[in-house]
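Letter by letter, the sequence shown follows residues 1 to 506 of the working numbering. All C-beta atoms in this analysis are idealised placements derived from N, C-alpha and C, irrespective of residue type, glycine included. Quantities reported herein were computed from a predicted structural model and do not represent experimental measurements. Structure first, commentary second.
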Amino acid sequence: MRSEGRRRALPAAPLVLVLLAATGCESTPDSRPEPTAAWYTPVARVCAEPGAGPSGAPAGAVTVDPSVTGDLATKTRNSPPHTTFWLRPGTHRLAADRYAQVVPKTGNVYLGAPGAVLDGRKTNQYAFGGTARDVILRHLTVQGFVAPHDEGVVNHDSADGWVIEHSTIQNNSGAGLMAGARQRVRANCLRGNGQYGMNAYKAGGPLRDLVVEGNEITGNNTDDWERKRPGCGCTGGVKFWSVDGADIRGNWVHDNRGAGLWADTNNNDFRIEGNVLEANDGAALIYETSYNAVVRENTIRRNNWVEGRKSADRGDSFPFATVYVSESGGEPRIPARTDRIEIHRNVLEDNWSGITLWENADRFCNSPANTSSGDCTLLVKDTGRCTRPAIATAPLYADCRWRTQRVDIHDNRFVLDKSVVDCAVKCDRMAVLANYGTYPDWSPYQGERVAEAITLEQHNRWHDNVYVGHWKFVAHDPSRVLDSAQWQGAPYRQDAGSTFRARDGG
């Protein structure tokens, strides 16, 4: 998780409050009482229980015949904007050309009858493309398309204002769908796609105001791209690139190969709340080289078993985490609904490790170690300014790097039973750390400067959490593994007001 590199790569269910008995010894005599409530969310079982579309054509709709190959594309082409199309039950096909696709016009609406399927037959690359705005797609199964790596099947060109609801987008190559500004993705089954369930990337941007709500996102990255291209950082349930303003709520993100949710490179103003993130091979959530987010009231369980175990088996001492905040932090100068990263009121249960805050001392604007090639922070518009000697002085010394700062981790419940995870070591870590800066030779961040800053100076704070099970803590660098007393003591002074108790048999 340290060297991710790349390029191009239902309404929310109501929250249910579950009272948890939290008994045991207090870590300190004067610590606050242990919280007894934690938030859980019911899962959005969209794939097993898809919403049924209209059984008859709505008034004024154009009916699409599955027995006529290419009927949907042809009738779209021959109809004016703002036309509603109703797809009859059955399997609809496009022309036998890899570039054959439906190119909607502004305001078009596509409704699938029960049993309506648009099948690419492993021939067509894209299902819906073009730049028309405000297109609506509901109650349709889209499958069998073969989009190339880093491209998508539905809304291939990342047009703005699309609404995709109550649809099943499954068993395609590439990403099931792309995203544009003001896009709404609700109550869909995004399942078994070759790379991502959704790739939220818009060439040239901006990609603002994205809502992903009440979806089931499962089994994606069937093509196992990290094995094909090690270190590509190009896999998972959903990948977000340079999205400004996103609400990710009420989703069930599970059993994806790789990470569940991954925000990568200059994202800002995310609210990730009320989701169930479970049984993903990698981290449940990665928030990388990005800014200002709230992560709250999520249930996060049994994640990172595959990738965490791989790292342990190869002898890697890095604390591979289930929630991984990498070179990301709160930044008041960038407008958002918050000016920090706040991670609170989540339940993390039987994952491979907990939360890691990381900063790569060698990764900054213009550094060869910057795996987000060509990108700079949102604080520096002219990347060329981040060179010596100016980078060694204020304000560029701070502004030319993505800093893990102002991260507030509180009122969470961390539960670990090693017999459930089936591990003996390295699955029990909470961490704040950096590497020893060495590269390039003109870097002003060499040595322990960044490790000291992220650990002691950048306002990263754990407090008022509940720990159940045997946890360890890593501070400054991978070699400093602490117990809870050391973690709470000087100089780290973390987890004030938190409680710790061993789990019977854990």
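**OP:** Quick one: residues in its chain with C-beta nearer than 6 angstroms to the C-beta of N108, no 5 flanking neighbours on either side, listed in chain order?
**Re:** T83, V135
**OP:** Please specify which runs of the beta strand (DSSP E), each continuous and at least 3 residues long, are wholly inside the segment 193 to 280, giving them in chain order.
**Re:** 196 to 200, 207 to 213, 216 to 218, 236 to 240, 243 to 249, 252 to 254, 261 to 264, 268 to 273, 276 to 278
Original post:
Contact between the segment 299 to 315 and the segment 381 to 400: three or more CB pairs below 8 angstroms?
Top reply: no
Original post:
For R184, which option in N171, R191, Q195, A200 has the closest C-alpha, if you only look at C-alpha atoms?
Top reply: A200
Original post:
Under 8 angstroms between the Cβ atoms of N351 and R413?
Top reply: no
Subject >> Length of the line joining the Cα atoms of D477 and Q458 >> reply: 16 angstroms
**OP:** Go ahead and label C49 buried or exposed: buried means 16 or more other beta carbons lie within 10 angstroms of its beta carbon, across all protein chains shown.
**Re:** Reading off the sequence shown, one finds Glu at residue 49, where the question assumed Cys. With fewer than 16 Cβ atoms within 10 Å of its Cβ, E49 is classed as exposed.
Subject >> Segment contact flag, the segment 83 to 101 with the segment 66 to 74, C-beta cutoff 8 angstroms, min 3 pairs >> reply: yes
Original post:
What is the residue span of the beta strand (DSSP E) that R449 lies within?
Top reply: It is not in any beta strand (DSSP E) - R449 instead sits in the alpha helix (DSSP H) that spans 449 to 452.
Original post:
For the segment 292 to 322, which segments carrying the alpha helix (DSSP H) assignment without a break, of at least 4 residues, lie completely within its bounds, in sequence order?
Top reply: 305 to 313
Original post:
Of the residues R186, G152, Q170, Y126, which one's Cα is nearest the Cα of L137?
Top reply: R186
Original post:
Would you say the segment 425 to 444 touches the segment 460 to 474, given that touching needs at least three Cβ pairs under 8 angstroms?
Top reply: yes
Original post:
What residue range is occupied by the uninterrupted beta strand (DSSP E) comprising V421?
Top reply: Here V421 belongs to no beta strand (DSSP E); instead the alpha helix (DSSP H) covers 418 to 421.
Original post:
Starting from Y397 and walking both ways along the alpha helix (DSSP H), at which residues does that stretch end?
Top reply: 396 to 399
Original post:
Comparing alpha-carbon positions, which option in A451, L190, G497, V238 lies nearest L140?
Top reply: L190
Original post:
With DSSP run on the structure shown, which of helix, strand or coil describes Q486?
Top reply: helix
**OP:** Under 8 angstroms by Cβ, that's how I've got W225 and C234 pegged, so tell me the actual separation to the nearest angstrom.
**Re:** 5 angstroms
Original post:
If we call anything under 8 angstroms between Cβ atoms a contact, is A434 one with A361?
Top reply: yes
Original post:
Between N346 and G330, what straight-line distance do the alpha-carbon atoms span, to the nearest angstrom?
Top reply: 19 angstroms
**OP:** May I ask which residues mark the beginning and end of the alpha helix (DSSP H) holding K75?
**Re:** 71 to 78
Subject >> Where M1 falls: helix, strand or coil (DSSP) >> reply: Unreliable placement is indicated for M1, whose pLDDT of 41 sits below 50; the coordinate value is still reported in the next sentence. It is coil, neither helix nor strand.
**OP:** Answer with buried or exposed for G447, where buried requires no fewer than 16 other C-beta atoms within 10 angstroms of its C-beta.
**Re:** exposed
**OP:** Could you pull out every residue in the same chain whose Cβ sits closer than 6 angstroms to the Cβ of A259, ignoring the five residues on either side in sequence?
**Re:** G236, G282, A283, I286
Original post:
Can G115 and G90 be called in contact, C-beta distance under 8 angstroms?
Top reply: yes
**OP:** Using alpha carbons as the reference points, say which of L348, A96, S443 lies closest to N124.
**Re:** A96
**OP:** Determine, using beta-carbon pairs with one atom in the segment 321 to 330 and one in the segment 435 to 443, whether at least three such pairs fall under 8 angstroms.
**Re:** no
Original post:
Can you give the beta carbon distance from T222 to G192, rounded, assuming they're within the 8 angstroms contact cut?
Top reply: 6 angstroms
Original post:
To the nearest angstrom, how far is it from the Cα of Y436 to the Cα of A424?
Top reply: 28 angstroms
Subject >> Burial state of D269 (16 or more Cβ within 10 Å) >> reply: buried
**OP:** Look at the alpha carbon of T106 and the alpha carbon of N304, and state the distance between them as a whole number of angstroms.
**Re:** 42 angstroms
Original post:
Just the Cα atoms here: how many angstroms apart are R271 and E278?
Top reply: 18 angstroms
Original post:
So what's L433 in DSSP terms, helix, strand or just coil?
Top reply: strand
**OP:** Going by CA-CA distance only, name the one from P66, G219, R88, D65 that's closest to P54.
**Re:** R88
**OP:** Give every residue of the same chain whose Cβ lies closer than 6 angstroms to the Cβ of W252, excluding the five residues on either side of it in the sequence, and list them in chain order.
**Re:** V43, A44, E216, V276
Subject >> Same chain, Cβ closer than 8 angstroms to N155, neighbours up to 5 away in sequence not counted >> reply: F128, G129, V135, W162, I164, L177, M178, A179, G180, Q183
**OP:** For my contact list, G197 and N171 are in at a C-beta cut-off of 8 angstroms; report their separation, rounded to the angstrom.
**Re:** Between N171 and G197 the Cβ distance is about 12 angstroms, and since that is not below 8 angstroms, they are no contact.
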